[in-house]
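Working notes, beginning with the structure itself.
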Amino acid sequence: MTDFLIRNATAILTGLAGAAARAPGPDVRVRAGRIAAIGALTPEPGERQLDATGCVIYPAWVNTHHHLFQSLLKGDPVGLNATLTPWLTATPMRLRPLMNENDFRLAARIGLLELALSGCGTVADHNYHYYPHMPYDTSAILFDEAEKLGLRFVLCRGGGTLSRVADTSNLPPASRPETLDGFMTDIERLAQLYHDPAPDAMRKLVSAPTTPPHSMRPQELRDCAAQARRLGLRLHSHLSETVHYQDTVDSQHQMKPVQFCETIDWLGPDVWFAHLVKLDDDEIALLGKTRTGIAHCPQSNGRLGSGIAPVRQLDAAGAQISIGVDGAASNEAADMISETHAAWLMQRARAGYEAVPYFRGGQGEAEAASTTVEDVVRWGTAGGARLMGLDAVGTVEVGQAADLSIYGIDRDPRYFGLHDLAIGPVASGGTADLRWMFVGGKEVVRDGRLPDLDVIELGRQSRDAVRALLARL
Ligand SMILES: [Zn+2]
Numbered sequence: 001m002t003d004f005l006i007r008n009a010t011a012i013l014t015g016l017a018g019a020a021a022r023a024p025g026p027d028v029r030v031r032a033g034r035i036a037a038i039g040a041l042t043p044e045p046g047e048r049q050l051d052a053t054g055c056v057i058y059p060a061w062v063n064t065h066h067h068l069f070q071s072l073l074k075g076d077p078v079g080l081n082a083t084l085t086p087w088l089t090a091t092p093m094r095l096r097p098l099m100n101e102n103d104f105r106l107a108a109r110i111g112l113l114e115l116a117l118s119g120c121g122t123v124a125d126h127n128y129h130y131y132p133h134m135p136y137d138t139s140a141i142l143f144d145e146a147e148k149l150g151l152r153f154v155l156c157r158g159g160g161t162l163s164r165v166a167d168t169s170n171l172p173p174a175s176r177p178e179t180l181d182g183f184m185t186d187i188e189r190l191a192q193l194y195h196d197p198a199p200d201a202m203r204k205l206v207s208a209p210t211t212p213p214h215s216m217r218p219q220e221l222r223d224c225a226a227q228a229r230r231l232g233l234r235l236h237s238h239l240s241e242t243v244h245y246q247d248t249v250d251s252q253h254q255m256k257p258v259q260f261c262e263t264i265d266w267l268g269p270d271v272w273f274a275h276l277v278k279l280d281d282d283e284i285a286l287l288g289k290t291r292t293g294i295a296h297c298p299q300s301n302g303r304l305g306s307g308i309a310p311v312r313q314l315d316a317a318g319a320q321i322s323i324g325v326d327g328a329a330s331n332e333a334a335d336m337i338s339e340t341h342a343a344w345l346m347q348r349a350r351a352g353y354e355a356v357p358y359f360r361g362g363q364g365e366a367e368a369a370s371t372t373v374e375d376v377v378r379w380g381t382a383g384g385a386r387l388m389g390l391d392a393v394g395t396v397e398v399g400q401a402a403d404l405s406i407y408g409i410d411r412d413p414r415y416f417g418l419h420d421l422a423i424g425p426v427a428s429g430g431t432a433d434l435r436w437m438f439v440g441g442k443e444v445v446r447d448g449r450l451p452d453l454d455v456i457e458l459g460r461q462s463r464d465a466v467r468a469l470l471a472r473l
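Counting in the working numbering, the sequence shown runs from 1 upward without gaps.
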């Protein structure tokens, strides 16, 4: 049932820029899973109607960076107060090899559910733990779990040929690197099985070696980029998350990380990087000129003490901006409402932090020009959809896929007294009152719940799984 009329919304944010960021509505008609009309609409005979009085309509969020397996690794005390590099060793690298197939599926389900309940309709997962002769197919599990919930899913197939350990012969099998041939053969296999190039695809594949300076040799990264472009796949990875990336690339190649990516054909409108926290001005200009994308992950960057990415500068330079929650082992609330709320605040904090007083030659408070809620909504919806090739997703416009999140702002006192109700879900943060979420016109969430999914039981399973995981140490 993908034909209906949403009536009397208080406000509509479209995911577009400038004056088009808001549509007057108050009604939205959906036909065959697409937005057929927006305006003051008269119900047609027999048309199903949804009463959105007291609600605001957003495009369903698009999360462009995640590691779903980490949904069972939240708040690990061993890594809780570490920065990125020691945290990687303390938490994901220590615990991921101990997870079995059931743990992996459960973690994926928890993470996808958390995102869905925040109003996220499209999830890109950077699944990077692959090794030779893996006994189960994590790629298939991820597509399967996303399909069960009715979400669009983009698999960023990670992995690499290098290990951070010098001698790999003594490593347990689950910690060993792949061969380049193994990686590329699996990309071919997954592309044939899952990749749909359509602008409203439910499934896409992205080639995503885990981290350029650490995961593969330069020529291997060039080969991966060439293969991806031959197959019509996009490219994704981590870059410049901390100063450690700058030190690594400087010592290996005597250049900056973004310049290094230029030498391996890893810049362009078909490439996006998670983080990009530590950038010099010339790197920002190069990312902008090449229209390379960012998955901005403010909560993880805060949690790991990495910094605050220069997103406003990247946006102004022409780079493509999107929002990612990153793995839940470095972000204990991996949902799009928390993340966009943090993005809104932290971009303002960064601008203020960089402001210089007049007497020192600066522009005073004027330098702290504000990131708007409309900017953050655009980054978290249309921005993410565009950089993944989902051009028919991410905006509330006639002809687009009906991926809609409808939030109540009339039941929770956090919104009472707001002068502009449209900004409530992002500006007020907290747990949003998600009245409905539709993906391609299909109802995924109603009244903050997914039908047929027992959240209490899932919580019990998660506690059992964490206990069993720690017992395997
Ligand atoms: Zn990541």
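Idealized CB from N, CA, C, for every residue including glycine.
- The region 346 to 363 makes no contact with the region 91 to 101, as fewer than three CB pairs between them are under 8 Å.
- When rounded, the separation of the alpha-carbon atoms in E101 and F69 is 10 Å.
- Around R96, the same chain offers F69, H129 as residues with beta carbons nearer than 7 Å, after the five sequence neighbours per side are excluded.
- Taking a cut-off of 8 Å on C-beta distances, the region 116 to 128 touches the region 425 to 442, as three or more cross pairs fall below it.
- With a cut-off of 7 Å, the C-beta of G302 is classified as distant from ligand 1, since no heavy atom of the ligand falls inside that distance.
- Distance check between A23 and each of A471, G307, E145, G39 places G39 closest, using alpha-carbon atoms only.
- Within the same chain, Cβ atoms closer than 7 Å to the Cβ of N331 are found at Q299, S300, R303, V325, the five residues on either side in sequence being excluded.
- At least one heavy atom of ligand 1 lies less than 7 Å from the C-beta of G327.
- Assignment of beta-bridge partners to R7 by DSSP yields D51.
- S215 is positioned such that its CB atom lies closer than 8 Å to that of G160.
- Considering only R7, F4, S251, A11, the residue with the shortest C-alpha distance to G424 is A11.
- At least 8 Å separates the beta-carbon of I321 from that of H341.
- Straight-line spacing of the CA atoms in I35 and A52 works out to 16 Å.
- Check the Cα spacing between E220 and each of D265, L450, S169, L151: the tightest is with D265.
- For G459, the three-state secondary structure derived from DSSP is helix.
- Exposure of D447 is indicated by the presence of fewer than 16 other C-beta atoms within 10 angstroms of its C-beta.
- Around the beta carbon of K204, 16 or more other beta carbons lie within 10 angstroms, which makes this residue buried.
- The beta carbon of L239 sits closer than 8 Å to those of T211, P212, Y245, P257, V258, C261, F273, A274, H275, L276, all from its chain and outside the five residues before and after it, given in chain order.
- Secondary structure of H341 (DSSP, three-state): helix.
- For the pair G327 and H67, the CB atoms are nearer than the 8 Å cut-off.
- Straight across, the Cα-Cα distance linking D403 with D3 is about 13 Å.
- A274 has its CB nearer than 7 Å to a heavy atom of ligand 1.
- Per DSSP, reduced to three states, the secondary structure at N301 is helical.
- Scanning R229, V311, T242 for the CA closest to the CA of V271 turns up R229.
- Looking at the backbone, the Cα of E354 and that of D375 are separated by about 20 Å.
- Given a length threshold of 4 residues, each whole run of the alpha helix (DSSP H) inside the region 369 to 424 is given here in chain order: 373 to 378, 384 to 387.
- L231 sits away from A201, with the two beta carbons spaced by 8 Å or more.
- For the set V445, I337, Q254, T290, the Cα lying nearest the Cα of V377 is the one of I337.
- Collapsing the DSSP output to three states places D464 in a helix.
- Each of P45, T64, M99, L112 was checked against the Cα of V444, and the nearest Cα belongs to L112.
- By the neighbour-count definition (other C-beta atoms within 10 Å, threshold 16), N81 is an exposed residue.
- DSSP places Q320 in the uninterrupted beta strand (DSSP E) bounded by 320 to 323.
- Ranked by how close their Cα comes to the Cα of A124, the residues S237, G361, F438 have S237 in first place.
- Taken in chain order, the unbroken stretches of beta strand (DSSP E) that lie wholly in the region 199 to 248 and span 3 residues or more are 203 to 207, 234 to 239.
- Taking C-beta atoms as the reference points, S207 and R152 fail to come closer than 8 Å.
- With a cutoff of 8 Å on beta-carbon distance, G33 and G394 are scored as not near each other.
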